[in-house]
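**Q**
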Amino acid sequence: MIQTVLYDGSFPGFFAAVFEIYEYKIVEPDIQTEGSANISLFSTPHISIPDKAKALRVMKALQDKITVAAFGNFYRAYLSELPGIENVLFRYIKYVISSKDSVEKNFANPDVLMIQQTAHKTDREKHRMKAFIRFQKTKDELYYAIVQPDFNVLPLISSHFEKRYADQRWLIYDTRRKYGLYYDLKNVEEVNIAFNDQLQSPCALSTIYDEKEDIYQSLWRAYFDSVNIKARKNTKLHIQHMPKRYWRYLVEKQPG
Amino acid sequence: MSDRIREKLEILADAAKYDVSCASSGSNRKNDNKGLGNTGNGICHAYTEDGRCVSLLKILLTNFCIYDCAYCVSRKSNDIQRAAFTVQEVVDLTINFYRRNYIEGLFLSSGIFKNPDYTMERLVLVAKKLRTEHKFNGYIHLKTIPGASDELMHEAALYADRLSVNVEMPTKESLQLLAPDKNREAMIKPMRFIDKAIIQNREEKKIFKKTPLYAPAGQSTQMVIGATPETDFQVLYLSHFFYKKFHLRRVYYSGYVPISNDNRLPAIGTPVPMIRENRLYQADWLMRFYHFKVDEIVDAANPLLDTEVDPKLSWALRNMHLFPVDINRADYMLIMRVPGIGLRSAQKICEARKFTRLNIEHLKKIGISLNKAKHFIQSENSCKDLQPEKIKQLILQEGRSKYKANFSTQLSVF
Ligand code: SF4
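Protein sequence lines, in the order shown, are assigned to chains A and B. The opening residue of the first sequence carries number 23 in this note's numbering; numbering runs sequentially from there. The opening residue of the second sequence carries number 18 in this note's numbering; numbering runs sequentially from there.
#1: Counting only Cβ pairs nearer than 8 angstroms, list the residues of chain A close to D31 (chain B).
#2: Measuring CB to CB, does Y273 (chain B) end up less than 8 angstroms from Y298 (chain B)?
#3: Residues in the segment 49–60 of chain B with C-beta within 8 angstroms of chain A's C-beta atoms, listed in sequence order?
#4: Between R23 (chain B) and chain A, is the shortest Cβ-Cβ distance under 8 angstroms, so that the two count as touching?
#5: Provide the residue(s) that pair with Y55 (chain A) in DSSP beta bridges, ordered along the chain.
#6: Is the closest heavy atom of the ligand SF4 to the C-beta of A100 (chain B) under 7 angstroms?
#7: If Y205 (chain A) sits next to E184 (chain A), beta carbons under 8 angstroms apart, how far is it from one beta carbon to the other, in whole angstroms?
#8: What does the alpha-carbon distance come out to for the pair D145 (chain A) and M151 (chain A)?
#9: Any C-beta of chain A sitting closer than 8 angstroms to the C-beta of N295 (chain B)?
#10: Below 8 angstroms on the Cβ atoms is my guess for E66 (chain B) versus N250 (chain A); work out the distance and round it to an integer in Å.
#11: How far does the beta strand (DSSP E) with M240 (chain B) in it reach, from first residue to last?
#12: P132 (chain A): which of B:T373, B:L169, B:L303, B:F210 sits nearest, CA to CA?
#13: What are the start and end residues of the beta strand (DSSP E) that includes V268 (chain B)?
#14: Quick check on T144 (chain A): does DSSP put it in helix, strand or coil?
#15: Closest by CA to L175 (chain B), which one among B:A63, B:T111, B:N218?
#16: I'd like to know whether the C-beta atoms of M353 (chain B) and L360 (chain B) end up nearer to each other than 8 angstroms.
#17: Report the rounded CA-to-CA distance for N423 (chain B) versus D249 (chain B), giving the unit in angstroms.
#18: Report the rounded CA-to-CA distance for C39 (chain B) versus H142 (chain A), giving the unit in angstroms.
#19: Bridge partners for G122 (chain B) per DSSP, in chain order?
#20: Give the interface partners of W242 (chain A) over in chain B, defined as CB-CB distance under 8 angstroms, in chain order.
#21: How long is the line joining the alpha carbons of P187 (chain B) and F112 (chain A), rounded to whole angstroms?
#22: Taking 8 angstroms as the threshold (C-beta atoms), are G52 (chain B) and K152 (chain B) in contact?
#23: Shortest alpha-carbon distance to R201 (chain B) belongs to which of B:M240, B:N154, B:E294?
#24: Does the ligand SF4 have a heavy atom nearer than 7 angstroms to the CB of Y84 (chain B)?
#25: Say the cut is 7 angstroms; is the CB of A196 (chain B) nearer than that to a heavy atom of the ligand ZN?
#26: Would you call A91 (chain A) buried or exposed, if buried means 16 or more other Cβ atoms sit within 10 Å of its Cβ?
#27: State yes or no: is the C-beta of I129 (chain B) nearer than 7 angstroms to some heavy atom of the ligand SF4?
#28: Give the residues from the segment 150–161 of chain A that approach chain B closer than 9 angstroms (Cβ to any Cβ), ordered along the chain.
#29: Here's the rule: buried if 16 or more other CB atoms are within 10 angstroms of the residue's CB, otherwise exposed. What is K421 (chain B)?
#30: Tell me, to the nearest whole angstrom, how far the beta carbon of I129 (chain B) is from that of Y64 (chain B); I am working on the premise that it is less than 8 angstroms.
#31: Which of the three DSSP states is assigned to T89 (chain A) in this structure?
#32: Can you say whether V49 (chain A) is buried or exposed, counting buried as having 16 or more other CB atoms within 10 angstroms of its CB?
#33: Do you know how far the Cα of N118 (chain B) is from the Cα of K159 (chain A)?
#34: Spatial neighbours of K275 (chain A) within its chain, please: CB distance less than 6 angstroms, with the 5 preceding and 5 following residues excluded, ordered by chain position.
#35: Alpha carbon to alpha carbon, how far is V27 (chain A) from N55 (chain B)?
#36: Who are the near neighbours of R199 (chain A) in its chain, counting only those whose CB is closer than 7 angstroms to its CB and skipping five residues on each side?
See the structure below:
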């Protein structure tokens, strides 16, 4: 019978849950995060406790059997937060650990393929964030950006922005997951800020902008319009590369 | 003040946009001075409404020009608004756009004012200021001016990631006809000079780690396509020559956008040859990544690329004796030549078949384009003795919508 296993949603929490599935010999687990809706009415869920030692043991067992690249894919698939992805990850662990030889490249296995493909999707979102994040400069020289990525990709872009903008303070805030990354010229930290809704509205923000911010935004828009070659217009391709859901980030897509 | 800058930006970005190169990859300039920026794989930060990647601030320093190249909007005889940035203005725009994550860096080109050296000196000065005064480690691509001195070329390579000279026309004759002030040799000479210097620099770097970076992203060039009567055969052989002889990283093909009533050129209103441009990029891609030799793609007997189907499919149809291949056994080099199978899928197939005998279902999941591939691989239910022409028609029918859509330089090729 299918038994729901609830965990706290964190990466270590997931590994601890896998440990308990083995420990309690749960045959058909359905792993979900606490608070998600799909709990079966007919059985009491098993609530996993995020135990660090247990988590590390499973993680180590997995890491011993696969390459760093494959583990990276595993982590990326987890960050996708796709419904049901935990069950795929769990089956993958089982498959890897029970096989004598390396199976991480057996793309004929549906779970191996699924993880690889999901990781690829997460990576694509990561690249899009690297591309489409637009910073706005405030009066106190903070460059900040508000995002809502499809997947939880902030952990994957942190070092990119840290290396790139080593000499400016910046903040990238994920309003969907309600946390952000803040760089203070030395380190990047995860931050939770009580953003009130007003602060996100453009007119409230205009009072905290650097005086030149508007000028550069409008110069960028002017640039974007000028590089377009009308004789080559191809809207389909334009949208394919820059899907509409990203436009809200983009200075060049806002009316000037 | 900002209005004037805005006006200049509009004029000088507009004039620069016909240069299609926009790559910001191939360099690896690290931010190890706690400065601003780095380079890596190159990011497209936006896409124009015609679907091209915007990665760099691509502008001319000025569109004043003493030359009169017929295919160019900035030519002396053209009655247009002229403008010129100061060195500092370009520096400020670059830094401020970069800090906001709009761009990967700067692509600076220029019309020729006074003389080549005078122009080149200013381009170099922009790059120098960015690197030294602003500790800028983002991407810089400088267009080198044909006829500029070796000393200036050398200095340019010290600050820029990439240098380029556009050959513009695929043959000497066309260049002579359309750009009488220029000559082929003046374009090739700086390419050769930089190529030698790069090779020497890479050698030194093997011995002395501290050897300064020298045009780490190499050189590129561009050819205008469709303004003159050259065949794809002539165009691709020239590309092949540049890749082999001067180790160019990229050759760009720019479908001619009619901009003048000059009777040496296609009239205004003539459509931009976008399909042809697209096919040239695909062919170029086959040479650079799929180990195709240029004479496998075009030759004197087949001097034109097929516009209906991509060059890989076209090659396969001419070489039916190699197919169908057994995907469970064939060599990787042959698998990646199967139409519908890209590099990534070819790798996956070769990995996965070590575990299981692969069937059509596996291939579908791996993501190959079966509508093409099925005619070229062995399977129980494929009919094997179809004629190439028939296969082509079948593929065209099935893929109609797809073939009409993507005419871009940034396409995912197969
Ligand atoms: S030299 Fe360059 S800018 Fe001047 S007309 Fe020729 S192509 Fe145009």
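In this text, a Cβ means the ideal position worked out from N, Cα and C, and glycines have one as well.
**A** The relevant details are as follows:
#1: S248, V249
#2: no
#3: K51, G52, L53, G54, N55, I60
#4: yes
#5: Strictly speaking, residue 55 (chain A) in this sequence is Thr, with Tyr absent from that position. A:Y29.
#6: no
#7: 6 angstroms
#8: 10 angstroms
#9: no
#10: 5 angstroms
#11: 236–242
#12: B:T373
#13: 267–272
#14: helix
#15: B:N218
#16: yes
#17: Residue placement at N423 (chain B) cannot be trusted, given a pLDDT of 43 that sits under 50; what the coordinates show is reported in the next sentence. Each residue's alpha carbon lies about 20 angstroms from the other.
#18: 25 angstroms
#19: B:L73, B:Y156
#20: F114, R117, Y119
#21: 58 angstroms
#22: yes
#23: B:M240
#24: yes
#25: Absence of the ligand ZN is noted for the structure shown, with the ligand SF4 being the only ligands found.
#26: exposed
#27: yes
#28: K152, A153, F154, I155, R156, F157, Q158, K159
#29: Residue confidence is low: K421 (chain B) scores 46 on pLDDT, short of 50, so the model does not pin down where it sits. Its coordinate-derived value is still stated next. Exposed, because fewer than 16 other Cβ atoms sit within 10 Å of the Cβ of K421 (chain B).
#30: That pair is no contact at about 31 angstroms.
#31: coil
#32: exposed
#33: 11 angstroms
#34: W269
#35: 44 angstroms
#36: N174
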